[in-house]
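Notes follow the structure.
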Amino acid sequence: MIHSRAFFICIVVALFSANSWAQKAEMERLSGFAQHQKNLKQFDLARSKGERAHLEEEEQWENQKDRAREEYKQTKKSIRMSEDGPEAQADAVAKRKRLEDYENSREEYVAEKSKQKILDRQAAHLPSEATELGLDELRPRYDYRKRAMYGAQSKFGRPSSSPSSGSSSGGGFGSGGSSFPPPPTFDDFGGPDGYVPAPNMSDDFGDVPPPPPPPPPGFGDDFGGGFQGGSDFPPPPPPPPPFGDDGEF
Numbered sequence: 067m068i069h070s071r072a073f074f075i076c077i078v079v080a081l082f083s084a085n086s087w088a089q090k091a092e093m094e095r096l097s098g099f100a101q102h103q104k105n106l107k108q109f110d111l112a113r114s115k116g117e118r119a120h121l122e123e124e125e126q127w128e129n130q131k132d133r134a135r136e137e138y139k140q141t142k143k144s145i146r147m148s149e150d151g152p153e154a155q156a157d158a159v160a161k162r163k164r165l166e167d168y169e170n171s172r173e174e175y176v177a178e179k180s181k182q183k184i185l186d187r188q189a190a191h192l193p194s195e196a197t198e199l200g201l202d203e204l205r206p207r208y209d210y211r212k213r214a215m216y217g218a219q220s221k222f223g224r225p226s227s228s229p230s231s232g233s234s235s236g237g238g239f240g241s242g243g244s245s246f247p248p249p250p251t252f253d254d255f256g257g258p259d260g261y262v263p264a265p266n267m268s269d270d271f272g273d274v275p276p277p278p279p280p281p282p283p284g285f286g287d288d289f290g291g292g293f294q295g296g297s298d299f300p301p302p303p304p305p306p307p308p309f310g311d312d313g314e315f
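For the record, in the sequence shown the residue sitting at position 3 is 69 according to our numbering, with numbers rising by one throughout.
If you want it as structure tokens, here you go:
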């Protein structure tokens with residue numbers, strides 16, 4: 067019985083504490099929302115005040131611009147610019163000042179360059195400009211083998227013949243000065259000269275019929291001579307006349 071009462075008391079205390087914690091959280095949420103709404107109202111109020119000030123500033127600027135426009139329209143007709151006017155004279159003075167400044171800076175630069183002593187590299191035992199740029203180095207700018215093919219002295223000690231020597235000495239296959247090797251001999255075929263001619267062809271074709279004879283000379287498509295201008299064949303006869311009086315057979 068005692069245990070059941072203690073358990074019931076614990077449950078009641080837990081429920082009460084949970085309820086109080088929920089109420090506290092809800093109060094904090096509502097108070098924070100109220101503060102947020104208050105901040106928004108203050109921000110809107112400040113923004114409205116700034117908007118009114120901005121609109122007033124724009125209105126003043128528009129009024130000032132209108133007054134300046136009207137003043138310019140009134141003074142435009144009375145003031146006429148010329149080459150001898152105050153504006154032109156002020157511009158000429160500014161141009162002369164710029165030219166004087168440029169000339170002074172140029173003279174200072176020339177005087178400074180003339181004071182500089184020219185460096186003597188040879189006296190100071192320094193490398194020359196050609197050595198610095200690599201112009202005094204003998205660099206291979208070509209292929210030595212290709213130059214030797216066209217008659218130049220070979221760098222590797224192997225002389226080579228020019229390709230044009232053989233063509234200049236021998237003009238064809240039968241020339242004696244040609245550099246081509248001699249044709250091979252036919253010693254494998256036997257015979258006194260080392261060459262055996264091809265055998266003669268027989269006229270007996272066996273089961274294969276012989277080829278047709280060639281056409282006679284002067285044969286053409288129009289029986290009038292063809293390519294040679296003459297023919298042994300007579301022209302074809304004319305068609306026979308029709309039988310009967312009405313032209314029917």
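Built from N, CA and C at the ideal position, the CB exists for glycine as well.
| query | result |
| --- | --- |
| Cα-Cα separation, L121 to N129 | 12 Å |
| Run of the alpha helix (DSSP H) containing D167, from where it starts to where it stops | 152-181 |
| First through last residue of the alpha helix (DSSP H) which encompasses A190 | No alpha helix (DSSP H) holds A190; DSSP gives it neither H nor E. |
| Secondary structure, alpha helix (DSSP H): runs of 4+ residues fully inside the stretch 85-148 | none |
| Span separating the alpha-carbon of P281 from that of P306 | 30 Å |
| Through-space distance from P193 to D202, alpha-carbon basis | 11 Å |
| Any chain E beta carbon closer than 8 Å to A189 | Of the chains in the structure shown, none is chain E; there is only one protein chain. |
| Minimum C-alpha distance to R187 - residue among K181, K179, A196, Q155 | A196 |
| Cβ-heavy atom distance, N266 to the ligand PLP, below 7 Å | In the structure on display, the ligand PLP does not appear, and there are no ligands present to speak of. |
| Spatial distance of P304 from P279 (CA atoms) | 30 Å |
| Where Y216 falls: helix, strand or coil (DSSP) | coil |
| Under the three-state DSSP convention, the category E203 falls into | coil |
| Pairwise C-alpha distance: V159 and Y168 | 14 Å |
| Separation of R162 from P152, as counted between CA atoms | 15 Å |
| Cα-Cα separation, E106 to G116 | In the sequence under discussion, the amino acid at residue 106 is Leu, which differs from the Glu named in the question. About 15 Å. |
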